[in-house]
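So for the sequence shown, our numbering puts the first residue at 368; every next one is plus one. A quick write-up on the structure given underneath.
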Amino acid sequence: MEFILDNVEKTTAITDAILAVMAIASAMYLCSLEQKRQRTFTYWIWAFGLLGLAAILGTFAHGFKISSVLQTLLWYPLNLSLGLLVAFILVAVVNDLWGKMIARRLLPVMLLISVGFFGITLIEPDSFLPFIIYEAVVMLFALGGYIWAGYREQFKGAWWMAAGIFVTIVAAGVQASGSILFTFIWIFDQNGAYHLIQMVGIVLLVIGLRKTRRHLSL
């Protein structure tokens, strides 16, 4: 398996790999916090794990010379991972704001919705708009929820969570723009820029979760 020659795609693959390491490390860190503090980060652990999986798949899709058939096959689990990632973020937000019972009831609904959006990608593989709308609705809900929690001082870390979600929204907007190209040591397009910004979002979210002191359990 050979590395791709395109410098932009190389940058995308490298930043994807870094993002994968950060996401998986974050999931592992939350596991350790869960054990020490007797509270659960289950939904966030799943979210970071799925982000890590999607980034690993993206590394292969962007960084290596592979057949068009294999490239297409890689996008199937990648799209499914992204859909499930958004679902777990929403359930995690609901769990943080309103508790485990509502989150548990919401989880199967969101999983079905995610599978539905994955089905759309199978029918219309070139249409990313439905997922963008799906992600935007969830992220705006999450942003509003954490801002409200911060305003009410519902739990420590809420403002950090809001900042992390806001940065994630900015990252998604940059990726959706599809018209970015700049050089910062390496050559970046909108995908590489998304990865860089999302790394900041991960750090903010993990800080917020670490600062959260309210006891939540599944």
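Just so you know, even glycine gets a beta-carbon here, dropped at the ideal spot from N, CA and C. Owing to the predicted nature of the structure, the values given are computational and were not obtained by experimental measurement.
Could you name the residues of the same chain whose beta carbon sits closer than 6 angstroms to that of residue i, not counting the 5 residues immediately before and after it, in chain order?
i	result
T488	N446
Q405	Residue placement at Q405 cannot be trusted, given a pLDDT of 49 that sits under 50; the coordinates are not used to answer.
E376	H429
L474	V458
S448	L417, L420, A421
A509	V460, I532
From which residue to which residue does the beta strand (DSSP E) around residue i run?
i	result
I554	553 to 556
What is the residue span of the alpha helix (DSSP H) that residue i lies within?
i	result
E502	496 to 518
M477	467 to 490
Roughly how many whole angstroms lie between the Cα atoms of residue i and residue j?
i	j	result
V504	S544	17 angstroms
T535	I456	11 angstroms
V460	G512	8 angstroms
A384	K467	33 angstroms
T379	V458	29 angstroms
I499	E520	31 angstroms
G517	A414	22 angstroms
I514	I371	43 angstroms
L440	V573	32 angstroms
K523	L576	9 angstroms
I469	L478	15 angstroms
E369	F533	37 angstroms
F551	R471	44 angstroms
W527	E491	37 angstroms
D463	Y410	10 angstroms
V476	K432	38 angstroms
D373	A387	21 angstroms
Given residue i, which residues of its chain have a CB within under 7 angstroms of its CB, disregarding the five upstream and five downstream residues?
i	result
L563	T382
N558	T379, Q542
M389	M566, I569
Give every residue of the same chain whose Cβ lies closer than 8 angstroms to the Cβ of residue i, excluding the five residues on either side of it in the sequence, and list them in chain order.
i	result
V501	Before going further, note that residue 501 is Tyr rather than Val in the sequence given. Excluding sequence neighbours, Y501 sits near G450, V453, I480, F484.
I412	A394, L397, C398, E401
I547	V541, F555, D556, Q557, A560
A539	I499, E502, A503, M506, Y561
Could you tell me which residues DSSP pairs with residue i in its beta bridges?
i	result
T409	In DSSP, T409 forms no bridge with anything.
T550	I554
F370	F431
Using only the heavy atoms of the ligand MG, determine whether one of them is closer than 7 angstroms to the beta carbon of residue i.
i	result
L474	Looking at this structure, you won't find the ligand MG or any other ligand, since it has none at all.
At which residue ranges does the segment 516 to 548 contain complete beta strand (DSSP E) runs of 3 or more residues, listed in the order of the chain? Runs found: none.
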